[in-house]
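Single-structure report; data block below.
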Amino acid sequence: MAINDNEHIALNSSPDSDDLRDLCSELKTRGFAKKFLHFQQAGSTNQIASDLARKGYPEGTLVVAEEQTAGRGRWQRPWHSPVGKALLFSLILRPEILPSQIPQITLVVGAAVAQAVHRQTGIRAGIKWPNDLFYQGKKFCGILVEGNVKNSLVLGIGVNVNQESDDFPPQLRSTATSLRMIKGEKVSRLPLLRRILDVLEEDYEEYCRSGFASARRSWLQYEAILGRKVRIAIGGQEYCGHAVGLAEDGALLLRLPQGEEIRCSAGEVNLCREDE
Ligand code: BTN
Numbered sequence: 066m067a068i069n070d071n072e073h074i075a076l077n078s079s080p081d082s083d084d085l086r087d088l089c090s091e092l093k094t095r096g097f098a099k100k101f102l103h104f105q106q107a108g109s110t111n112q113i114a115s116d117l118a119r120k121g122y123p124e125g126t127l128v129v130a131e132e133q134t135a136g137r138g139r140w141q142r143p144w145h146s147p148v149g150k151a152l153l154f155s156l157i158l159r160p161e162i163l164p165s166q167i168p169q170i171t172l173v174v175g176a177a178v179a180q181a182v183h184r185q186t187g188i189r190a191g192i193k194w195p196n197d198l199f200y201q202g203k204k205f206c207g208i209l210v211e212g213n214v215k216n217s218l219v220l221g222i223g224v225n226v227n228q229e230s231d232d233f234p235p236q237l238r239s240t241a242t243s244l245r246m247i248k249g250e251k252v253s254r255l256p257l258l259r260r261i262l263d264v265l266e267e268d269y270e271e272y273c274r275s276g277f278a279s280a281r282r283s284w285l286q287y288e289a290i291l292g293r294k295v296r297i298a299i300g301g302q303e304y305c306g307h308a309v310g311l312a313e314d315g316a317l318l319l320r321l322p323q324g325e326e327i328r329c330s331a332g333e334v335n336l337c338r339e340d341e
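For the sequence shown, my numbering begins at 66 and goes up steadily by one.
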């Protein structure tokens with residue numbers, strides 16, 4: 066499939082006024098979404114973006130879907146969303162960084178999305194390290210950064226926008242939420258997507274220019290984990306302790322019950338009750 070600059074490929078049409086295919090009409094970004102593919106249905110936007118990255122598509126190429134049949138999350142988990150109610154998209158990035166710095170990108174993105182959601186909807190998310198966005202203990206956004214294609218990363222973002230409780234599988238209803246459920250009213254996806262791309266491009270460019278310091282400050286403004294007791298699984302081993310800081314390079318600092326402090330560069334965090 067060949068596309069040109071700013072060409073917008075849409076498969077099937079819908080008469081919705083909040084139509085994501087209109088993205089480019091008021092987009093202020095410089096490079097993000099200059100190539101834009103929109104799918105009514107896709108397997109996984111991350112998979113499509115990854116295939117395009119392999120073919121040499123440029124940084125900023127954006128793949129958006131209304132529905133995914135094989136949406137994927139972190140830790141090989143599936144990511145489900147009903148048609149047309151979420152933002153499901155992936156971007157190709159080509160940062161000149163070391164593999165050891167890739168986890169910083171996940172934090173840059175989490176902080177940028179939290180900021181964009183806050184500015185656009187007034188909802189102040191809490192970030193659970195590294196980059197899950199929560200509101201009152203329930204998750205509404207997940208971010209998956211994959212780096213399996215040479216010289217590129219694929220950044221996948223899923224935001225629960227207009228789901229209602231019944232839209233989530235029963236096993237997720239106590240842990241997942243959407244912006245609509247939080248606000249009590251429908252949220253327009255198109256301006257939110259524009260805002261996310263806008264903030265993300267600015268923060269990503271700042272990161273590429275000047276390093277992690279600015280994104281770290283922004284992450285710290287939204288974090289919802291420091292001071293909390295957490296469990297973290299790292300390579301088959303589980304640690305339990307208090308999250309006490311974010312290192313200069315983005316690692317989570319965990320204080321174990323005996324007082325020893327460890328650095329966690331990757332892993333899945335779960336919040337614990339203090340008496341656990
Ligand atoms: C997580 O587990 O929290 C990350 C979820 C990431 C889901 C998004 S939806 C758009 C993109 N395409 C995918 O297949 N996954 C990401």
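Yeah, the Cβ is synthetic: ideal placement off N, Cα and C, and Gly gets one too. Keep in mind that this is a model prediction, so the values were computed, not measured.
*Measuring from the CB of Phe104, is there a heavy atom of the ligand BTN at a distance below 7 Å?*
Taking the sequence shown and counting its residues from 1, the one referred to as residue 104 is at position 39. Every heavy atom of the ligand BTN is 7 Å or more from the Cβ of Phe104, so no.
_Between which two residues does the alpha helix (DSSP H) holding Ser279 run?_
Within the sequence shown, the letter at position 214 stands for residue 279. Ser279: member of the alpha helix (DSSP H) spanning Ala278 to Tyr287, first to last residue.
*Taking all protein chains shown into account, do 16 or more other C-beta atoms lie within 10 angstroms of the C-beta of Ala135, making it buried, or fewer, making it exposed?*
Here residue 135 refers to the residue found at position 70 of the sequence shown. Classified as exposed, Ala135 has fewer than 16 neighbouring CB atoms from the shown chains inside 10 Å of its CB.
*asked:* Comparing C-alpha positions only, which one of Gly249, Arg259, Asp231 and Asn213 sits nearest to Ile188?
replied: Locating residue 188 in the sequence shown gives position 123, where the first residue counts as 1. Comparing Cα positions, the closest option is Gly249.
*Thinking C-beta only, is Gly96 closer than 8 Å to Glu132?*
Taking the sequence shown and counting its residues from 1, one reaches residue 132 at position 67. Taking the sequence shown and counting its residues from 1, one reaches residue 96 at position 31. No; because the gap between Cβ atoms is not below 8 Å, this pair is not in contact.
*Report the rounded CA-to-CA distance for Gly202 versus Ile290, giving the unit in angstroms.*
Reading the sequence shown from its first residue, position 137 is the one you call residue 202. Reading the sequence shown from its first residue, position 225 is the one you call residue 290. Rounded to the nearest angstrom, the two C-alpha atoms are 11 Å apart.
*asked:* Quick check on DSSP: helix, strand or coil for Leu85?
replied: Along the sequence shown, one-based indexing puts residue 85 at 20. Per DSSP, reduced to three states, the secondary structure at Leu85 is helical.
*Within 8 Å, strictly: CB atoms of Phe154 and Val129*: One-based indexing of the sequence shown puts residue 154 at position 89. One-based indexing of the sequence shown puts residue 129 at position 64. Contact: yes.
*Give the straight-line distance between the Cα atoms of Glu72 and Phe101, rounded to the nearest whole angstrom.*
Taking the sequence shown and counting its residues from 1, the one referred to as residue 72 is at position 7. Taking the sequence shown and counting its residues from 1, the one referred to as residue 101 is at position 36. Confidence is the limiting factor: at Glu72 the pLDDT is only 46, short of 50, which leaves the residue's position unreliable, though a coordinate-based value still follows. Computed Cα separation, rounded: 7 Å.
_Host beta strand (DSSP E) of Ile167 (start-end)_ = For the purposes of this step, residue 167 is taken as residue 102 along the sequence shown, with counting starting at 1. Here Ile167 belongs to no beta strand (DSSP E); instead the alpha helix (DSSP H) covers Ile167 to Thr186.
*What do you get for Pro234, buried or exposed, if any count of 16 or more other CB atoms within 10 angstroms of its CB means buried?*
Position 169 of the sequence shown holds residue 234. With fewer than 16 other Cβ atoms within 10 Å, it is exposed.
*Compute the beta-carbon to beta-carbon distance between Leu317 and Trp194, rounded to the nearest angstrom, for a pair I have assumed lies under 8 Å.*
Locating residue 317 in the sequence shown gives position 252, counting from the first residue. Locating residue 194 in the sequence shown gives position 129, counting from the first residue. So it is a contact: roughly 5 Å between Cβ atoms.
*Kindly indicate which residue of Val334, Tyr287 and Glu325 has the alpha-carbon position closest to the one of Gly300.*
One-based indexing of the sequence shown puts residue 300 at position 235. The residue with the shortest Cα to Cα distance from Gly300 is Val334.
*asked:* Which of the three DSSP states is assigned to Val264 in this structure?
replied: Taking the first residue of the sequence shown as 1, we reach residue 264 at position 199. Reduced to three states, the DSSP call for Val264 is helix.
*Kindly indicate which three-state DSSP category Pro256 falls into: helix, strand or coil?*
On the sequence shown, position 191 is the one that residue 256 refers to. DSSP places Pro256 in helix when its eight states are reduced to three.
*Cβ-based burial, Ala107 [other Cβ within 10 Å; buried from 16]*: The sequence position of residue 107 within the sequence shown is 42, counting from 1. Flag for Ala107 reads buried.
*For Leu255, which residues of its own chain have a beta-carbon under 8 Å away from its beta-carbon, when the five flanking residues on both sides are left out?*
On the sequence shown, residue 255 is found 190 positions in, with the first residue counted as 1. Contacts found: Asp83, Asp84, Leu85, Asp87 and Leu88.
_Local Cβ density within 10 Å of Asn213, reported as buried at 16 or more and exposed below that_ = To locate residue 213, count along the sequence shown from 1; it is residue 148. Residue burial annotation: Asn213 is exposed, with fewer than 16 other C-beta atoms found within 10 angstroms of its C-beta.
*Could you check what DSSP says for Leu291 in three-state terms: helix, strand or coil?*
By one-based count along the sequence shown, residue 291 stands at place 226. Coil, per DSSP.
*How long is the line joining the alpha carbons of Ser216 and Leu158, rounded to whole angstroms?*
Numbered from its first residue, the sequence shown carries residue 216 at position 151. Numbered from its first residue, the sequence shown carries residue 158 at position 93. The question names Ser, yet the displayed sequence has Asn at residue 216. Annotation: Asn216 to Leu158 spans about 9 Å, alpha carbon to alpha carbon.
_Less than 8 Å between the beta carbons of Leu152 and Val219, yes or no?_
Position 87 of the sequence shown holds residue 152. Position 154 of the sequence shown holds residue 219. Taking 8 Å as the Cβ cut-off, Leu152 and Val219 do not qualify as a contacting pair.
*Which same chain residues, not among the five before or five after Leu285, have their C-beta less than 7 Å away from its C-beta?*
The count along the sequence shown starts at 1 and reaches residue 285 at position 220. Cβ neighbours of Leu285 beyond the five flanking positions: Leu311.
*Buried or exposed for Ser330, please, with buried defined as at least 16 other CB atoms from any protein chain shown within 10 angstroms of its CB.*
Counting from one through the sequence shown, the residue named residue 330 turns up at place 265. So Ser330 counts as exposed.
*What's the gap between the Cα of Asp263 and the Cα of Arg274?*
For the purposes of this step, residue 263 is taken as the residue at position 198 of the sequence shown. For the purposes of this step, residue 274 is taken as the residue at position 209 of the sequence shown. In this structure, the CA atom of Asp263 is about 17 Å from the CA atom of Arg274.
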